[in-house]
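As structure tokens, the structure follows; a few thoughts come after it.
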């Protein structure tokens, strides 16, 4: 079974009186000195190691200034955050209220018709989630959250229109009352954000 393996070469022997040389080092090479400055790059002059401080004859020690890249980033001046969008804030709050009204209506819709209740439940959860995302991203300028909010407000109007025979006209009244401001306010906000770019 071991006939196919080649024989192992013997270990190299060091002559008597010579120190052991590691295989990666060349003979006559100097060991690295860690307290020296790194070697100069091509085209640059070597520099002397920096003195951390210089002591005067009388008085406090004078410290050498640190280069600017060694300061901690939290000490640098903070970047200005964009202003909070009032349109996103208003549409987010009204969208959450619309979602809770539709959530209450979906309970009544499930008793009359399961499909109408399911559509109202999807519209309710979508409006709540879109309102929360709008409130969380009120300083953002992406278009994903406003378009999602507009889409779920339109879907809420469609679901309330389809649920009139099962849940009554009151659900359509409250949905129109709350979904229309979301559509108008978020439409205005989205158009202003796109014009500002």
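Numbering (the working numbering), first residue to last: 5 to 201.
For each residue, glycine too, the CB sits at the ideal point set by N, CA and C.
Beta-carbon contacts of residue i that lie in its chain and below 8 Å, excluding the five residues immediately before and after
i	result
residue 191	154
residue 180	161, 164
Chain-order list of residues whose beta-carbon lies under 7 Å from that of residue i (same chain, five-residue window excluded)
i	result
residue 121	110, 113, 114
residue 176	164, 165, 168
Own chain partners of residue i with C-beta closer than 6 Å, once the 5 adjacent residues on each side are dropped
i	result
residue 125	110
residue 130	156
residue 159	127
Start and end residues, alpha helix (DSSP H) containing residue i
i	result
residue 111	90-116
residue 150	148-166
residue 200	173-200
Check whether residue i and residue j have beta carbons under 9 Å apart
i	j	result
residue 135	residue 90	no
residue 92	residue 150	yes
residue 142	residue 99	no
Secondary structure of residue i, DSSP reduced to three states
i	result
residue 8	helix
residue 144	coil
residue 128	helix
residue 15	coil
Alpha carbon of residue i to alpha carbon of residue j, nearest angstrom
i	j	result
residue 188	residue 171	26 Å
residue 174	residue 108	12 Å
residue 144	residue 195	14 Å
residue 116	residue 105	17 Å
residue 137	residue 178	23 Å
residue 8	residue 20	36 Å
residue 101	residue 197	24 Å
residue 140	residue 118	33 Å
residue 250	residue 88	There is no way to answer for residue 250, as the model of the chain reaches only from 5 to 201.
residue 183	residue 201	27 Å
residue 152	residue 199	19 Å
residue 10	residue 17	21 Å
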